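Asks:
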Amino acid sequence: MSEDERDDDDPDASDVPDLVQTICPMCGGGGMIADPKMAVIGGVARTVDNGRPCPLCSTEGHLPGLVPPV
Ligand SMILES: [Zn+2]
10 MSEDERDDDD PDASDVPDLV QTICPMCGGG GMIADPKMAV IGGVARTVDN GRPCPLCSTE
70 GHLPGLVPPV
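So the sequence shown is numbered by this note's numbering: it starts at 10 and just counts up by one.
Given below as structure tokens:
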């Protein structure tokens with residue numbers, strides 16, 4: 010430990026914090042997206058929605074850094 014490490018409260022720091030994250034616009038932060046399918050179960054056609062992992066954020070629900078709206 011040394012006092013030279015006290016550089017994390019620099020008032021002039023203008024860097025984007027490492028913890029900045031953007032909520033995934035595809036899944037809305039849930040990490041899963043709806044994936045309804047038609048299925049015939051027991052002779053009855055119905056919709057099955059098991060969801061599937063969000064391909065954009067890999068179920069994280071958020072993206073690292075700032076992602077501007079498209
Ligand atoms: Zn996502």
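Each residue gets a CB set at the ideal place from its N, CA and C atoms; glycine is no exception. No experiment lies behind these values; they were computed from the predicted model shown.
Can you give me the C-alpha to C-alpha distance between N59 and L28, rounded to a whole angstrom?
Replies: Position 50 of the sequence shown, counting from 1, holds the residue named residue 59. Position 19 of the sequence shown, counting from 1, holds the residue named residue 28. In a straight line, the C-alpha of N59 is about 31 Å away from that of L28.
Asks: Less than 8 Å separating the beta-carbons of I32 and H71?
Replies: As a working mapping, residue 32 is identified with position 23 in the sequence shown. As a working mapping, residue 71 is identified with position 62 in the sequence shown. Yes, the pair counts as a contact, with Cβ atoms nearer than the cut-off.
Asks: Consult DSSP for P62 and reduce its assignment to one of helix, strand or coil.
Replies: The residue given as residue 62 occupies position 53 in the sequence shown. In the structure shown, P62 sits in a strand (DSSP, three-state: E or B).
Asks: I want to check one thing, is the minimum distance from the CB of G70 to the heavy atoms of ligand 1 below 7 Å?
Replies: Against the sequence shown, residue 70 aligns to sequence position 61. The answer is yes for G70.
Asks: If you draw a straight line from the C-alpha of V49 to the C-alpha of C66, how long is it?
Replies: The residue labelled residue 49 in the question sits at position 40 within the sequence shown. The residue labelled residue 66 in the question sits at position 57 within the sequence shown. When rounded, the distance between both Cα atoms is 31 Å.
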